[in-house]
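First up is the structure itself, then whatever we jot down about it.
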């Protein structure tokens with residue numbers, strides 16, 4: 011299977027898992043909607059939501075380059091994981107992103123610290139996999155993708171990396187237990 015087809019399948023399955031997790035978590039546990047924010051203030055909530063929207067657009071920019079500009083093959087070529095480096099890192103990103111909400115809901119319901127630790131670990135795996143994706147794209151020096159396309163892919167990845175690292179793994183984690 012080509013890297014593009016594999017990348018598309020990973021994003022379809024992973025996207026369903028991430029968005030499905032949100033829908034199930036919010037839909038089946040409406041009494042915990044506010045608890046998901048923890049001690050994050052209303053103004054920070056608004057900033058996080060705006061950042062989420064920018065991150066989603068950024069990720070779509072990266073996906074466009076990976077699929078339609080053959081980036082899934084070219085960006086991955088010289089990395090340790092071979093022609094599927096982008097796809098493997100994307101799978102790690104999406105799986106960990108799909109895990110944090112079920113982990114957090116389990117923590118909220120049970121009060122067991124183990125689930126809080128898993129939530130934080132999932133957020134950090136998400137952020138670190140995105141940092142690695144940024145490195146893969148940033149270090150690409152071939153001629154198969156124009157510098158403009160590379161920059162657009164990197165800008166998109168940087169937007170989602172910022173959100174997942176700064177807004178989620180750092181700020182949300184710090185503010186969650188503040189009252």
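Numbering (this note's numbering), first residue to last: 11 to 189. All residues carry an ideal CB built from backbone N, CA and C; glycine is no exception. From a predicted model like this one, the values you see are computed outputs, not experimental measurements.
What three-state label does DSSP hand residue i in the structure shown?
| i | result |
| --- | --- |
| residue 22 | helix |
| residue 15 | helix |
| residue 149 | coil |
| residue 79 | coil |
| residue 121 | coil |
| residue 72 | helix |
| residue 43 | coil |
Applying the criterion that 16 or more other CB atoms from any shown protein chain within 10 Å of the CB defines a buried residue, is residue i buried or exposed?
| i | result |
| --- | --- |
| residue 115 | buried |
| residue 40 | exposed |
| residue 146 | buried |
| residue 111 | buried |
| residue 11 | exposed |
| residue 154 | exposed |
| residue 50 | buried |
Whose CA, out of the options, lies closest to the CA of residue i?
| i | options | result |
| --- | --- | --- |
| residue 28 | 109, 83 and 65 | 109 |
| residue 179 | 137, 119, 74 and 53 | 137 |
Between the alpha carbons of residue i and residue j, how many angstroms are there, rounded?
| i | j | result |
| --- | --- | --- |
| residue 160 | residue 171 | 16 angstroms |
Indicate whether the contact test is met: 3 or more Cβ pairs, each with one atom in the stretch 67-80 and one in the stretch 155-170, closer than 8 angstroms. yes
At least three beta-carbon pairs within less than 8 angstroms, the stretch 99-107 to the stretch 148-162: no
Contact between the stretch 124-144 and the stretch 174-189 (3+ Cβ pairs under 8 angstroms): yes
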